Each structure stands twice: as C-alpha cells, then as structure tokens.
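Novice: Can you keep this structure in mind? I'll have questions shortly.
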Amino acid sequence: NAGVTQTPKFRVLKTGQSMTLLCAQDMNHEYMYWYRQDPGMGLRLIHYSVGEGTTAKGEVPDGYNVSRLKKQNFLLGLESAAPSQTSVYFCASSSVAGGLTSTDTQYFGPGTRLTVL
Amino acid sequence: SQKIEQNSEALNIQEGKTATLTCNYTNYSPAYLQWYRQDPGRGPVFLLLIRENEKEKRKERLKVTFDTTLKQSLFHITASQPADSATYLCALAKRGNNRLAFGKGNQVVVIP
Numbered sequence: 001n002a003g004v005t006q007t008p009k010f011r012v013l014k015t016g017q018s019m020t021l022l023c024a025q026d027m028n029h030e031y032m033y034w035y036r037q038d039p040g041m042g043l044r045l046i047h048y049s050v051g052e053g054t055t056a057k058g059e060v061p062d063g064y065n066v067s068r069l070k071k072q073n074f075l076l077g078l079e080s081a082a083p084s085q086t087s088v089y090f091c092a093s094s095s096v097a098g099g100l101t102s103t104d105t106q107y108f109g110p111g112t113r114l115t116v117l
Numbered sequence: 118s119q120k121i122e123q124n125s126e127a128l129n130i131q132e133g134k135t136a137t138l139t140c141n142y143t144n145y146s147p148a149y150l151q152w153y154r155q156d157p158g159r160g161p162v163f164l165l166l167i168r169e170n171e172k173e174k175r176k177e178r179l180k181v182t183f184d185t186t187l188k189q190s191l192f193h194i195t196a197s198q199p200a201d202s203a204t205y206l207c208a209l210a211k212r213g214n215n216r217l218a219f220g221k222g223n224q225v226v227v228i229p
C-alpha cells in the first residue's frame, strides 16, 4: 500500500509556463483534495473532488484547474504559472463522509515543492 | 470571519515534561476537530479526532480535550521525547462536510 503519492517532488517553472501535478491514491477513497502550504499561512484548500468525474472549488482556486477522470487520480494544473504560485502543494484523500462513526481522516501525500521564477 | 488560531511561537520543552498546545476557533460550529503532526519536508499525518459531544480523547501519550463553549481544543503530549519535535496542526470540519479548515500549526521542540 503506497497510500498517497505525488509527482513530481520538485519543479522549477518560469513565469507563464504550464504544468500538471499528479496525485494518486491506492486506498479506494472517494474524496481527494489539493492544498497549498505557504509560510505563515497554513494549509489552504485549492480544489477538491467528492468522486470520479466531479470537482469543486476550495478556498484559493484562482489560477488552478483540476480533473478527476479516474477515481485514484487527481490532477492539478497551472495554465500560466505566476511567482505567487510558488508554494508546497499537498494532495490528500479521505473515505466517504457520513454517519456518526465517520472519521473523515485525510491522508496526505509527501508534497511537491514548486518554484516559479 | 472564521478563524482558527494556534500559537505562532514555538514551544520549547524539556524532555519528560508535558507539552500543551492550544487551538482556538471563532465563527465555527465544528462537528469534530482533528490534530495532525507534520515533520519538515513531509505531509501532515493524522493523530487524533474528537467529536463535538466528546470532552476528552487519549491515544498513548497524547490527550486532546474539546470545549465547545470556550471554542477551544487542548492537545497534550505527556512524557515528551525528542522524537515528538514537529509541528502540530489542528483542523476543524463542519457536520456533513469533508472539507477541513486547518490552523497554521504550532511547532514543538523537545530538548533532551
């Protein structure tokens, strides 16, 4: 069981370039999330998905797009990278919510450190 | 506006003592609260969850309390060890909503 994996681990982009971050999970989780973590800001939700084929905006969605074509994968795209998108990006997944026994524990990947010059 | 506040100053504590971290929130009515641990260069790892109708939860040397009247959770590490040095994040979730809102985290440094 690999859990949640993210590729790449590091990336340097020039302003205006595009890229896609890949997140994969092997726990059969319905829910997947993309966060960014900046010094002094904590984890902020970019986009999330409640199932295959669905996506929704989080707290800071501007400048990012996502797709969930397969249940196990959640892709985060930057169409035209800006220096303000320099950050560490984390993907997470969780099982279906609901019921008094649900824990909604989120399992995080190791992160992608992105620098935009 | 909704806020989740954790102490921004690192907590330096002697090995063997109890470390206590605070998570305060405003304008939330969380169904439950979670605590995560994050080591440098790694993703957060779930530690404990406590629900709105629970006062206290324990797991090994960890203890969490939840006071919905004070809108506060306390996180305790008893008999702290250098290996407990990390940043600890609290996170709140509303009922029926899988989205977690995270605090900024509080660093703990356990001094041998």
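Here the protein sequences come in this chain order: A and R.
When we follow the working numbering, the leftmost residue of the first sequence carries the number 1, and every step to the right adds one.
When we follow the working numbering, the leftmost residue of the second sequence carries the number 118, and every step to the right adds one.
From the three backbone atoms N, C-alpha and C, an ideal C-beta is built for every residue, glycine too.
As the structure is a computational prediction, the values presented were derived from the model and not from experiment.
My guess is that R:L191 and R:L179 are in contact by the Cβ rule of under 8 Å, so how many angstroms apart are they, rounded?
Specialist: 11 Å between Cβ atoms; not a contact.
Novice: Of all the options R:A196, R:G220, R:D156, which has the alpha carbon lying nearest to the alpha carbon of R:G133?
Specialist: Looking at the Cα atoms, R:A196 is the closest of the given residues.
Novice: For A:S67, which of helix, strand or coil comes out of DSSP?
Specialist: Here A:S67 sits in strand by DSSP.
Novice: Using 7 Å as the threshold, is the C-beta distance between A:A81 and A:Q17 below it?
Specialist: Against a cut-off of 7 Å, the Cβ pair of A:Q17 and A:A81 comes out as a contact.
Novice: I'd like to know whether the C-beta atoms of R:E122 and R:N141 end up nearer to each other than 7 Å.
Specialist: For R:E122 and R:N141, yes; Cβs fall inside 7 Å.
Novice: Does the beta carbon of A:T5 come closer than 7 Å to any beta carbon on chain R?
Specialist: Chain R, which has no Cβ nearer than 7 Å to the Cβ of A:T5, makes this no.
Novice: Compare the Cα-Cα distances from R:L150 to each of R:R168, R:V227, R:L138, R:K176 and report the closest residue.
Specialist: Among R:R168, R:V227, R:L138, R:K176, the Cα nearest to that of R:L150 belongs to R:R168.
Novice: Smallest Cα separation from R:T135: which of R:A210, R:S146, R:D201, R:A218?
Specialist: Checking every option, the nearest Cα to that of R:T135 belongs to R:D201.
Novice: Can you give me the C-alpha to C-alpha distance between A:A69 and R:W152, rounded to a whole angstrom?
Specialist: The displayed chain sequence assigns Leu, not Ala, to residue 69 of chain A. Distance between the alpha carbons of A:L69 and R:W152 is about 31 Å.
Novice: Rank R:L138, R:P161, R:H193, R:Q189 by C-alpha distance to the C-alpha of R:N223 and give the top, closest one.
Specialist: The candidate whose alpha carbon is nearest that of R:N223 is R:L138.
Novice: Would you call A:F108 buried or exposed, if buried means 16 or more other Cβ atoms sit within 10 Å of its Cβ?
Specialist: It counts as buried.
Novice: Is R:E126 helix, strand or coil when you go by DSSP?
Specialist: Residue state, collapsed to three classes: coil.
Novice: Hey, is A:L21's beta-carbon within less than 7 Å of any beta-carbon in chain R?
Specialist: Output row for A:L21: interface = no.
Novice: Indicate the three-state DSSP secondary structure (helix, strand or coil) for A:T5 in the structure shown.
Specialist: Strand.
Novice: Identify which residue in R:K221, R:H193, R:G160, R:K176 has its Cα closest to the Cα of A:F90.
Specialist: With distances taken between Cα atoms, A:F90 lies closest to R:G160.
Novice: Is it right to say R:V225 is buried, meaning 16 or more other beta carbons lie within 10 angstroms of its own, or is it exposed?
Specialist: Answer is buried; the Cβ neighbour count reaches 16.
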